[in-house]
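Protein chains in written order, with the working numbering: chain L, 2 to 179; chain U, 3 to 559. Glycine included, each C-beta is placed from N, C-alpha and C at the ideal position. What you are looking at is a predicted structure, and each value in this text was computed from that prediction instead of being measured.
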């Protein structure tokens with residue numbers, strides 16, 4: 002996992018719970034705690050931090066990841082505005098993930114392995130997104146989609162008909178604009 | 003809160019901040035390491051790209067393979083810090099063995115350089131032997147402490163490094179470049195990765211050199227063909243002229259030989275001297291018989307006159323022969339031209355062969371196409387090349403051959419149109435009766451031909467020149483005309499043109515006209531066909547040949 006994800010979580014926790022909360026969280030978790038955006042760290046460190054943060058906030062790990070995703074998207078938009086300003090809504094932004102956003106991620110973060118999304122737009126305007134990744138961080142993805150909707154002033158509801166953690170080959174997110 | 007508690011909290015705070023600072027320092031260090039790694043990678047990739055670009059530039063610009071190899075070796079020695087660069091190539095006596103070319107790159111003052119040069123003299127590296135031999139078998143090599151077949155070289159390289167790669171031409175290894183240094187060098191994956199494309203680039207220099215040599219050889223062959231063809235044309239021209247002169251002289255002699263006894267006999271007849279008449283007529287008969295025998299023999303082996311051949315067959319034969327000489331020739335014959343007849347195959351062959359040779363001279367790989375179609379009494383051969391414009395001096399030769407045949411040589415984009423007069427049997431004019439007009443200024447010919455025609459059951463009227471012929475034709479409807487070419491007042495060619503133009507009346511404009519000629523000068527036959535003759539009868543002729551030709555144009559008895 003690239004250090005940028007750890008940095009985003011740190012930023013969210015520091016903003017919402019204070020800078021000491023991040024220090025406390027790291028010191029209570031068996032991780033190195035040193036995260037550079039461009040370096041790579043074991044996925045297990047992210048899992049350990051998510052578990053500690055969930056315990057600290059009283060959320061489940063899934064809820065925490067959704068929360069982190071939703072809160073960190075505006076931080077990404079502030080850091081890389083050029084990938085957001087070209088869109089007027091969340092739908093086209095999401096559709097550009099595979100072809101525009103993730104190639105840029107690979108350029109900036111050598112060795113990055115971002116997920117791949119499949120898209121199916123339905124006649125009622127619903128979008129079914131397939132989430133393909135060996136990490137099964139579909140909850141984080143769900144939070145990021147929510148965050149994207151927030152950013153463009155839209156409201157979406159998201160359900161997850163299938164999840165890799167339940168034995169499926171990949172996860173799906175059903176996004177409905179309301 | 004007392005002072006101690008505050009102090010305790012302050013210490014805890016400081017401790018927390020120190021730990022945060024340590025984490026931040028760690029993060030910065032890791033960021034710097036990533037940045038350094040990226041920069042190093044960027045530098046090596048850039049250097050590799052530069053080397054490949056320069057190798058491609060040197061390979062593309064080089065006309066001399068050795069110069070290209072030397073430049074590339076110098077670049078690798080300079081940019082990648084090797085002490086020695088060396089080129090090996092396949093031995094002349096055994097392509098499976100590599101030997102030194104004597105091309106080295108390094109500093110003369112460097113003892114390692116001179117020691118390696120000296121140790122390599124006379125070395126022969128077979129497959130798998132030494133680093134060059136292992137390149138033959140396994141491809142590019144980067145070897146630390148390389149083993150070698152020569153103890154002297156091995157001693158120099160012990161503790162050192164060799165990098166070597168091969169140059170491939172058509173999947174065959176033709177050379178090896180090796181780089182040596184007496185110190186251990188870490189593997190450079192970028193340089194090893196570059197070895198294969200560099201070897202291919204350098205191989206292209208050799209391929210281009212070979213292609214140039216092939217093209218040069220082909221060009222020389224073609225130039226030889228054109229020279230030969232030009233010389234053939236000139237010889238044929240000279241031969242035909244000589245033949246025409248000889249025939250003319252022979253004809254004069256024959257005329258004299260026959261006229262003398264005839265005049266003697268006529269004079270004796272006036273004097274009532276029947277003995278002399280009989281003896282002179284006997285002499286005349288003997289001479290006519292002798293001449294007819296000679297004429298029959300000549301007719302069987304008459305190589306000097308025009309050789310008629312079916313146009314489609316002639317062009318097909320020429321194109322097939324050309325294909326076997328230098329590559330594909332596409333031939334398309336318009337259906338209307340499939341059964342027509344072209345005069346003088348020899349001249350067609352000369353012109354077409356020369357044009358195709360000229361096109362190949364300009365571009366040996368050009369695809370040639372020939373399309374044949376008819377336009378009236380002319381055949382048009384559209385010869386096209388996919389390559390560069392044909393060689394101008396060759397085209398000049400072809401143009402001359404065509405104009406001698408009263409054809410036209412028209413240059414067009416991508417090729418040439420050769421326009422030649424043809425005889426078209428399917429457009430043959432047919433006579434309406436069996437009465438013949440014989441036009442000749444020579445009494446002997448008049449009498450001889452008259453006898454032969456009368457023997458064939460034909461009626462014969464005589465005319466002494468073109469003007470008389472036109473007069474007769476205006477008065478009488480004939481089945482065919484036998485027309486001499488050389489005549490006083492109005493020659494046969496002009497008379498025929500006037501007949502065709504309707505000057506002997508509309509009923510005679512399409513009458514079959516057969517030329518009688520001893521002409522074999524270049525272009526005479528084509529000129530005749532253009533003027534409107536339907537057939538040729540070469541003098542001297544026999545009764546059979548005369549009746550056969552005339553019979554083709556007359557209704558049956």
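Decide if residue i is buried, meaning its Cβ has at least 16 other Cβ atoms within 10 Å, or exposed.
i                      : result
residue 304 of chain U : Bear in mind that a pLDDT of 43 at residue 304 of chain U, under 50, signals an unreliable position, so the number given afterwards is only what the model happens to contain. By the 10 Å Cβ count, residue 304 of chain U comes out exposed.
residue 122 of chain L : exposed
residue 377 of chain U : exposed
residue 374 of chain U : buried
residue 66 of chain U  : exposed
residue 3 of chain L   : buried
residue 401 of chain U : buried
residue 32 of chain U  : buried
residue 16 of chain U  : exposed
residue 541 of chain U : buried
residue 180 of chain U : buried
residue 302 of chain U : With a pLDDT of 42 at residue 302 of chain U, under the threshold of 50, the modelled position of this residue cannot be trusted; read the value that follows with caution. Classification of residue 302 of chain U: exposed, given that the 10 Å Cβ count is below 16.
residue 453 of chain U : exposed
residue 299 of chain U : Caution is warranted here: a pLDDT of 46 is assigned to residue 299 of chain U, below 50, making its placement in the model unreliable, and the coordinate value is therefore given only provisionally. Residue 299 of chain U should be labelled exposed.
residue 61 of chain L  : exposed
residue 88 of chain U  : buried
residue 476 of chain U : exposed
residue 517 of chain U : buried
residue 48 of chain U  : exposed
residue 393 of chain U : buried
residue 265 of chain U : exposed
residue 159 of chain U : buried
residue 324 of chain U : buried
residue 356 of chain U : buried
residue 17 of chain L  : exposed
Among the options, whose alpha-carbon lies nearest the alpha-carbon of residue i?
i                      : options                    : result
residue 2 of chain U   : U:269, U:453, U:422, U:287 : With chain U running from 3 to 559 in the structure shown, residue 2 of chain U is simply not present.
residue 391 of chain U : U:419, U:381, U:361        : U:361
residue 105 of chain U : U:96, U:116, U:319, U:352  : U:116
residue 396 of chain U : U:187, U:170, U:228        : U:228
residue 124 of chain L : L:33, L:176, L:46, L:51    : L:176
residue 73 of chain L  : L:169, L:7, L:159, L:166   : L:7
residue 138 of chain U : U:78, U:324, U:118, U:169  : U:169
residue 1 of chain U   : U:454, U:13, U:478, U:83   : Residue coverage of chain U in this structure runs from 3 to 559, which leaves residue 1 of chain U outside it and unanswerable.
residue 79 of chain U  : U:166, U:121, U:9, U:153   : U:166
residue 159 of chain L : L:143, L:169, L:79         : L:143
residue 53 of chain L  : L:145, L:86, L:139, L:26   : L:26
residue 558 of chain U : U:58, U:460, U:12, U:530   : U:460
residue 149 of chain L : L:106, L:64, L:178, L:44   : L:178
residue 335 of chain U : U:544, U:326, U:318        : U:318
residue 382 of chain U : U:403, U:233, U:409, U:399 : U:409
residue 166 of chain L : L:137, L:146, L:67, L:155  : L:137
residue 433 of chain U : U:215, U:350, U:552, U:412 : U:552
residue 404 of chain U : U:131, U:348, U:149, U:14  : U:348
residue 545 of chain U : U:55, U:183, U:18, U:449   : U:449
residue 29 of chain U  : L:42, L:153, L:29          : L:42
Throw me the rounded Cβ distance for the residue i and residue j pair, which I believe falls under 8 Å.
i                      : j                      : result
residue 371 of chain U : residue 332 of chain U : 4 Å
residue 110 of chain L : residue 171 of chain L : The pair is not a contact, with the Cβ atoms about 23 Å apart (cut-off 8 Å).
residue 143 of chain U : residue 136 of chain U : 6 Å
residue 490 of chain U : residue 443 of chain U : 6 Å
residue 366 of chain U : residue 213 of chain U : That belief does not hold up - the Cβ atoms of residue 366 of chain U and residue 213 of chain U are roughly 10 Å apart, past 8 Å.
residue 446 of chain U : residue 257 of chain U : 6 Å
residue 129 of chain U : residue 98 of chain U  : 6 Å
residue 22 of chain L  : residue 10 of chain L  : About 11 Å separates the two Cβ atoms, so there is no contact after all.
residue 55 of chain L  : residue 65 of chain L  : 4 Å
residue 549 of chain U : residue 458 of chain U : 4 Å
residue 75 of chain U  : residue 53 of chain U  : Actually they are not in contact, since the Cβ atoms of residue 75 of chain U and residue 53 of chain U sit about 12 Å apart, beyond 8 Å.
| Using a Cβ cut-off of 9 Å, which residues of the segment 27-39 of chain U contact any Cβ in chain L, in chain order? | Taking 9 Å as the cut-off between beta carbons, the residues of the segment 27-39 of chain U near chain L are 27, 28, 29, 30, 31, 32, 33, 34, 35, 36, 37, 39, in sequence order.
| task | Can you give me, in chain order, the residues of the segment 32-45 of chain L that have a beta carbon less than 8 Å from any beta carbon in chain U? | result | Those residues of the segment 32-45 of chain L that come within reach of chain U (Cβ to Cβ, closer than 8 Å) are 33, 34, 35, 36, 37, 38, 39, 40.
| field | the segment 417-426 of chain U contacting the segment 221-239 of chain U, beta-carbon criterion three pairs below 8 Å | value | At 8 Å Cβ cutoff, the stretches do not touch.
| message | Short of 8 Å Cβ to Cβ, which residues in the segment 21-32 of chain L face chain U? | response | Here the close residues are 21, 24, 27, 28.
| query | When you check each C-beta in the segment 107-140 of chain L against every C-beta of chain U, which residues fall closer than 8 Å? | reply | Result list: 111.
| Validate contact between the segment 88-101 of chain L and the segment 17-35 of chain L using beta carbons, cut 8 Å, 3 pairs | They do not touch, by the three-pair rule.
| Quick check: the segment 537-556 of chain U against the segment 499-511 of chain U, are there 3 or more CB pairs under 8 Å? | No: the two stretches stay apart, fewer than three of their Cβ pairs being nearer than 8 Å.
| query | Can we say the segment 477-492 of chain U touches the segment 507-515 of chain U, given the rule of at least three CB pairs closer than 8 Å? | reply | The segment 477-492 of chain U and the segment 507-515 of chain U touch, with no fewer than 3 CB-CB distances between them shorter than 8 Å.
| request: Take every Cβ of the segment 172-187 of chain U, pair it with every Cβ of the segment 201-212 of chain U, and state whether three or more of those distances are shorter than 8 Å. | output: Contact between the segment 172-187 of chain U and the segment 201-212 of chain U is present: three or more C-beta pairs spanning the two stretches fall below 8 Å.
| query | What residues in the segment 358-389 of chain U bring their beta carbon closer than 7 Å to a beta carbon of chain L? | reply | Of all residues in the segment 358-389 of chain U, none has a Cβ within less than 7 Å of some Cβ in chain L.
| Contact set between the segment 44-58 of chain U and chain L, restricted to residues whose Cβ is under 8 Å from the partner | Interface annotation for the segment 44-58 of chain U against chain L: empty, criterion Cβ-Cβ distance under 8 Å.
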